[in-house]
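A.B. asks:
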Amino acid sequence: MKTKLNWVFTILFFVCVSISISQNVSFELLQKYHYNSGNLDHPIAFGSLLANSAPIGDLDKDGNNDIAIGLYGEGAESEGGEVLICFLKEDGSIREFVQIAEGKNGFNDVYSNGVHTVKDGARFGWAIENIGDIDGDGIQDIAVGAYEDWSNPVNEKCGSVFILRMNQDGTVKAHQRIGEGIGGFTNWGAQELFGSGLTALGDINGDGIPDLAVGSAGDRELGPNSGAVFIIQLNSDGTVKAQSKITPTGANFSGVTSRGYFGWDVDNIGDIDGDGNDDLLVGVRGTQTWLLFMDENYSVKSTKYFDLNSPKIKEAFPEAIYFGGYVASLPDINFDGRNEMVISTYGSATSLGTFGVFYLDSIGSISSYDVLDPKIEGLNLNQDQHFGGKLSVLGDLNKDGFPEVGVGEPYNCDSIFNGGALYLISLKPRSCIDDECLWPGDCNNDGIVNVKDLIPIGSAFLDSNLNVRRILPTTDWMIQYAGNWQDKKWDVDKKFADCNGDGKVDIQDRDAIQLNYGYTQQKMYADPELDPYGPLLNLVAIKDSVVAGDTVKFDLYFGESTKEAENVYAITMSLEHNIASFFGKTENKAEFLQNWLGTDSVDMITMYQPTEKGIDIAMVRTDKQNRSGHGRIASIDIVTPDNLVEKVNEIIKLNLTDFLIVSYEEDTIIPDFKSDAVGIINPVSVKSIFNKINLFPNPSSGIITVKMDQTINDLKVLDIQGRVILSMQPNKKNFSVNLEGLETGKYFLAARSKKKSYLSHIIKK
119 MKTKLNWVFT ILFFVCVSIS ISQNVSFELL QKYHYNSGNL DHPIAFGSLL
169 ANSAPIGDLD KDGNNDIAIG LYGEGAESEG GEVLICFLKE DGSIREFVQI
219 AEGKNGFNDV YSNGVHTVKD GARFGWAIEN IGDIDGDGIQ DIAVGAYEDW
269 SNPVNEKCGS VFILRMNQDG TVKAHQRIGE GIGGFTNWGA QELFGSGLTA
319 LGDINGDGIP DLAVGSAGDR ELGPNSGAVF IIQLNSDGTV KAQSKITPTG
369 ANFSGVTSRG YFGWDVDNIG DIDGDGNDDL LVGVRGTQTW LLFMDENYSV
419 KSTKYFDLNS PKIKEAFPEA IYFGGYVASL PDINFDGRNE MVISTYGSAT
469 SLGTFGVFYL DSIGSISSYD VLDPKIEGLN LNQDQHFGGK LSVLGDLNKD
519 GFPEVGVGEP YNCDSIFNGG ALYLISLKPR SCIDDECLWP GDCNNDGIVN
569 VKDLIPIGSA FLDSNLNVRR ILPTTDWMIQ YAGNWQDKKW DVDKKFADCN
619 GDGKVDIQDR DAIQLNYGYT QQKMYADPEL DPYGPLLNLV AIKDSVVAGD
669 TVKFDLYFGE STKEAENVYA ITMSLEHNIA SFFGKTENKA EFLQNWLGTD
719 SVDMITMYQP TEKGIDIAMV RTDKQNRSGH GRIASIDIVT PDNLVEKVNE
769 IIKLNLTDFL IVSYEEDTII PDFKSDAVGI INPVSVKSIF NKINLFPNPS
819 SGIITVKMDQ TINDLKVLDI QGRVILSMQP NKKNFSVNLE GLETGKYFLA
869 ARSKKKSYLS HIIKK
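Per this note's numbering, residue 119 is the first one in the sequence shown, and the count goes up by one each step.
(1) In three-state DSSP terms, what is R628?
(2) Bridge partners for S679 per DSSP, in chain order?
(3) Start and end of the alpha helix (DSSP H) containing E208?
(4) Quick one: using the 10 Å Cβ neighbour count with 16 as the cut-off for buried, is F535 buried or exposed?
(5) Is it true that the CB of I589 sits closer than 8 Å to the CB of N457?
(6) Report yes or no: do three or more beta-carbon pairs, one from the stretch 430-442 and one from the stretch 563-575, lie closer than 8 Å?
(7) Assess contact between the stretch 680-692 and the stretch 776-790, defined as three or more Cβ pairs (one per stretch) separated by less than 8 Å. Is contact present?
(8) Per DSSP, what kind of secondary structure is G250 in: helix, strand or coil?
(9) Taking the alpha carbon of K419 as the point to measure from, which residue in L398, R548, T775, V228 has its own alpha carbon closest?
(10) From what residue to what residue does the beta strand (DSSP E) around K864 run?
(11) Using only the alpha-carbon positions, how far apart do S679 and H748 sit?
(12) Just reading off the alpha helix (DSSP H) that K422 is part of, what are its end residues?
(13) DSSP three-state call for I431: helix, strand or coil?
(14) Unbroken beta strand (DSSP E) runs of length 3 or more, entirely within the stretch 304-381: which are they?
(15) Please classify E705: does DSSP put it in a helix, a strand, or coil?
(16) With distances taken from CA atoms, which of V262, Q149, C276 is nearest L542?
(17) From the DSSP output, in three-state form, read off K120 for me.
(18) In whole angstroms, what separates the C-alpha of Q905 from that of P591?
(19) Leaving out five residues before and five after L490 in sequence, what residues of the same chain have Cβ atoms less than 6 Å from its Cβ?
(20) Would you list the residues sitting across from M725 in a DSSP beta bridge?
(21) Go to D281, then tell me how far its beta strand (DSSP E) extends in each direction, as first and last residue.
(22) Which residue comes first and which comes last in the beta strand (DSSP E) that contains S818?
(23) Quick one: what's got a C-beta closer than 6 Å to K825's C-beta in the same chain, skipping five residues either side?
(24) Considering only the alpha carbon of each residue, which of I252, K882, K872 lies closest to N285?
(25) So, L833 versus A869, is the Cβ gap smaller than 8 Å?
(26) Would you please state the rounded distance, in angstroms, between the beta carbons of G404 and D383? I believe it to be under 8 Å.
(27) Looking at the structure shown, is A888 part of a helix, part of a strand, or coil, going by DSSP?
(28) Under 8 Å by Cβ, that's how I've got A438 and D385 pegged, so tell me the actual separation to the nearest angstrom.
(29) Going by other Cβ atoms of all chains shown within 10 Å of its Cβ, with 16 needed for buried, is K874 buried or exposed?
(30) In chain order, what residues of the same chain lie with their CB nearer than 6 Å to the CB of G224, ignoring the 5 residues before and after it?
(31) Tell me the residue span of the alpha helix (DSSP H) that contains S577.
(32) If you draw a straight line from the C-alpha of G368 to the C-alpha of D479, how long is it?
(33) Does DSSP put V569 in a helix, in a strand, or in coil?
(34) I need the straight-line Cα distance from D227 to I260, nearest angstrom please.
(35) Between the stretch 339-347 and the stretch 389-396, do three or more beta carbon pairs fall short of 8 Å?
(36) Please state if the CB of L778 and the CB of S693 are separated by a distance shorter than 8 Å.
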């Protein structure tokens with residue numbers, strides 16, 4: 119069952135702090151969960167050790183991502199530890215939660231098989247991992263580590279992992295214990311601290327079932343507490359199909375801390391070296407972080423490790439004592455194709471704990487980093503409470519487009535000794551000033567997003583500067599820090615054309631223009647006036663009149679045979695019509711076929727953007743070569759509203775309200791302009807004679823009968839655009855018309871006798 123919170127199980131702060139290390143990321147405290155009896159209807163007592171967390175996706179399908187948190191100490195209600203499945207609100211606060219513990223909400227196992235005698239308890243909830251949907255029911259399942267649980271008192275502290283197959287409401291549908299001799303995990307001897315770390319591997323054997331890596335930090339194969347990591351292939355019921363073991367021995371592990379609890383934590387960091395295989399981060403308690411480069415069989419092919427003697431680590435954590443045991447992988451935030459490494463330091467007698475985001479190159483070396491300032495407002499940390507004593511990446515919990523990191527403080531004593539605390543830290547792009555700033559989509563930095571912003575993309579097409587990829591880039595309309603490329607076009611740094619921040623200018627950058635079209639910041643520039651002696655922009659109507667509901671079609675020509683448009687690289691313009699009753703009701707689009715300026719997606723990129731009063735269009739070459747010529751450059755369609763209620767007799771004309779036409783050398787070309795007008799006719803203007811045609815049934819699915827007081831010589835059925843669909847000469851007063859061959863919709867029936875003409879509408883159903 120779900121337990122509702124009396125208030126909000128958080129203290130909420132919003133603190134934005136820039137970092138003095140690489141100046142790429144700022145950190146902001148989003149939420150803090152800790153003991154507070156007035157806010158949480160759930161006991162957090164002495165020694166509860168609230169600290170761990172894991173993302174579980176949107177478990178209840180309410181549109182908000184959810185998390186699991188672990189209270190793994192003997193002070194938890196169950197004494198052996200527990201997990202709370204927390205359903206979140208849009209701001210990352212907890213709406214309600216479900217307790218998973220012995221005998222609670224579908225979890226019917228008993229820690230330590232009923233022989234719990236150790237002081238620390240089973241530590242259920244020490245490690246939590248979303249492993250994916252193992253049973254194919256569409257719901258994410260989780261693994262929970264209890265590293266001091268055991269199945270046999272002779273092998274005490276060997277540890278267990280529990281596979282929990284979940285229901286959407288947060289309760290447990292079924293569960294499976296994995297440990298020595300249980301759940302198919304056999305013949306590995308007495309493991310100690312099995313379940314100290316967990317990470318999802320995805321489906322590594324192609325059977326459609328996600329698999330798992332498990333840290334066993336006290337593994338004894340190489341001596342007491344040497345540690346190991348197990349690669350476990352799962353069945354759909356959570357039992358073990360196959361398993362293999364990584365021990366820190368041999369040439370690949372030269373330098374490993376002896377008896378250092380290798381496997382204290384473990385995380386899948388994705389493919390760092392580009393060989394197509396995901397790699398692993400492994401923590402050694404208090405001393406090291408290892409990066410394991412894996413082959414296709416999930417064996418270790420090479421390694422790299424980091425400790426407090428590593429130059430970048432020492433620079434990032436100059437006062438640290440305990441380092442590296444807790445690790446996490448952050449999805450790629452700097453667009454280099456590699457995930458980032460997150461490591462914490464904790465427990466120092468001279469400094470507060472913290473964590474850092476470390477950016478790796480393809481051989482696993484640290485290229486740069488960002489570190490949290492532990493003294494930001496709201497954290498209120500104290501020494502020796504182990505801030506950084508648990509670490510997880512939780513995804514975007516508050517829908518701002520940026521990830522949150524869960525940082526545990528197991529020995530937090532704000533209100534109760536060792537009750538623990540969990541901090542949700544948001545990672546965001548660093549703040550910027552003046553020329554450092556970029557607004558996605560405003561590629562020419564003129565303060566407004568419009569079709570003119572396609573020109574810088576075409577002018578810098580396929581140019582790149584991978585050294586200035588943005589950290590935490592977004593194409594949402596928000597100000598962002600962006601390093602200059604030191605390369606300009608149109609007196610604007612080319613970084614502005616790199617809308618998505620990936621370090622290169624290409625067609626994907628056009629998406630930000632369309633996403634943020636019409637948004638403005640502070641600057642606006644005036645447009646030049648038309649030149650009656652310039653090359654002609656000529657908007658030619660295909661028809662001089664159309665019926666309401668039909669499409670008004672124009673061809674747009676630039677240049678004439680007697681006066682070509684010369685040295686053109688890019689053309690943008692805004693066209694607006696003048697019928698107020700049509701504003702916001704027309705459907706507007708453009709095509710750029712048979713365009714003398716270039717071929718779309720070959721040597722030119724194009725875009726159009728419907729507006730309330732008309733349409734904006736742009737076309738820009740991408741080969742850095744001008745063209746001269748004359749002829750058609752676009753076709754424009756304005757689909758008028760089908761107004762059959764009110765009388766409409768209007769003239770629609772598209773006026774040129776804005777334009778920018780340039781050469782690659784940055785010269786501005788000022789054209790002349792003219793536009794045809796098109797009449798809009800509504801056939802309902804003859805509604806006064808509607809009832810003089812006696813026809814039935816109407817609507818009809820087939821045959822209609824016409825009965826008139828005069829002989830009808832000619833009869834036509836027309837569609838809504840006025841096209842003749844059926845013609846006949848009945849020469850009778852009473853006759854039938856067969857509609858069976860027509861598509862469902864509205865039609866007009868036009869009839870003529872020797873003295874009168876008639877018009878009525880019919881509906882084919």
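Ideal Cβ positions, reconstructed from N, Cα and C, are used throughout, including at glycine. All values reported here derive from a predicted model rather than from experimental measurement.
C.D. replies: For this structure:
(1) Per DSSP, reduced to three states, the secondary structure at R628 is helical.
(2) Paired residues: none, contrary to the question.
(3) Careful: E208 lies outside any alpha helix (DSSP H) and carries neither H nor E.
(4) exposed
(5) Against a cut-off of 8 Å, the Cβ pair of I589 and N457 comes out as no contact.
(6) Not touching, per the Cβ criterion.
(7) yes
(8) strand
(9) L398
(10) 863-870
(11) 6 Å
(12) Where K422 is concerned, there is no enclosing alpha helix (DSSP H), although the beta strand (DSSP E) it sits in stretches over 418-424.
(13) helix
(14) Counting only runs of 3 or more, we get 312-320, 329-334, 346-352, 358-364.
(15) strand
(16) Q149
(17) With a pLDDT of 42 at K120, under the threshold of 50, the modelled position of this residue cannot be trusted; read the value that follows with caution. It is coil, neither helix nor strand.
(18) Nothing in the structure corresponds to residue 905, since the chain is present only between 119 and 883.
(19) F145, T472, F473
(20) A736
(21) Checking the sequence shown, residue 281 turns out to be Ile, not Asp. Its beta strand (DSSP E) spans residues 278-284.
(22) S818 -> no beta strand (DSSP E), and no H or E assigned at all.
(23) N812, N852
(24) I252
(25) yes
(26) So it is not a contact: roughly 11 Å between Cβ atoms.
(27) Because the chain is modelled from 119 through 883, residue 888 falls outside the range shown and cannot be assessed.
(28) No, A438 and D385 are not in contact; Cβ-Cβ is about 20 Å, not under 8 Å.
(29) exposed
(30) T289, V290
(31) Residues 572-577.
(32) 25 Å
(33) helix
(34) 15 Å
(35) In this structure the stretch 339-347 does not lie against the stretch 389-396, because fewer than three pairs of beta carbons, one per stretch, are closer than 8 Å.
(36) The identity of residue 693 in the sequence shown is Leu, whereas the question assumes Ser. Their beta carbons are not under 8 Å apart, which means L693 does not touch L778 by this criterion.
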